[in-house]
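S.K.: Attaching a single structure in structure tokens format; questions to follow.
In this note's numbering, the protein residues as written are 2 to 205.
And the structure:
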């Protein structure tokens, strides 16, 4: 089993350094931590009485790792899910917050589980995930979640033109969002270049 520390290191690698893309609703971000998160947690790193992009620039990898593990893995209780879901749900939680949990809960209902898609991992959601993992296999459940995650990103592109660049490169290939989702999906379920092109063919 991969440790939380190892998964965090991979998230930091994927997220990279400071970015402030005007098309990203998350705003200024560094190592996967947004200015909104830092503001909510009171991370005033330059001591000027407020939290803004200047504080984001000062965030270290060690500080980011602490925030991610505490607030994006332990606090949402991702550790109560089957082990095979830890990395993929944690990674998406960094990217989509409680939407990552709602995606899982909606998936579990498709397997016949009676759970509410409220974005909170409680005993009911954790137990439902374990039951489904026991029936279909933990890796199969992780694949199903990853496929749903990929579809979620495409749907964002359908609705919001400014976000399409994250799902489709300028040359038409798979964008960062899609590649990131597929890191957690067995290779046999990866979309071919042709299937990806067909999926985004209606985008301007």
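Just so it is clear, CB atoms sit at the ideal spot from N, CA and C, and this is done for glycine as well. Nothing here was measured: the structure is a model prediction, and the numbers come from that model.
Report back the beta-carbon spacing between residue 191 and residue 199 to the nearest angstrom; my notes put them in contact at under 8 angstroms.
M.R.: Contact doesn't hold; Cβ gap of about 14 angstroms is too wide.
S.K.: Quick check on this structure: which residue in 125, 67 and 202 has the alpha carbon closest to the alpha carbon of residue 82?
M.R.: For residue 82, the nearest C-alpha among the options comes from 125.
S.K.: Within 10 Å of its beta-carbon, does residue 12 have 16 or more other beta-carbons around it, so buried, or fewer, so exposed?
M.R.: buried
S.K.: If you reduce the DSSP assignment to three classes, tell me which class residue 111 lands in.
M.R.: It is helical.
S.K.: Could you check which residue in 185, 195 and 157 has the C-alpha nearest to that of residue 173?
M.R.: Selected option, being the one with the closest Cα: 195.
S.K.: Quick one: residues in its chain with C-beta nearer than 8 angstroms to the C-beta of residue 78, no 5 flanking neighbours on either side, listed in chain order?
M.R.: 122, 123 and 127
S.K.: Per the DSSP calculation, residue 169 is bridged to which residue(s)?
M.R.: 175
S.K.: In the segment 93-165, which residue ranges form an unbroken alpha helix (DSSP H) of at least 4 residues, counting only runs that do not cross its ends?
M.R.: 100-111, 124-137 and 139-160
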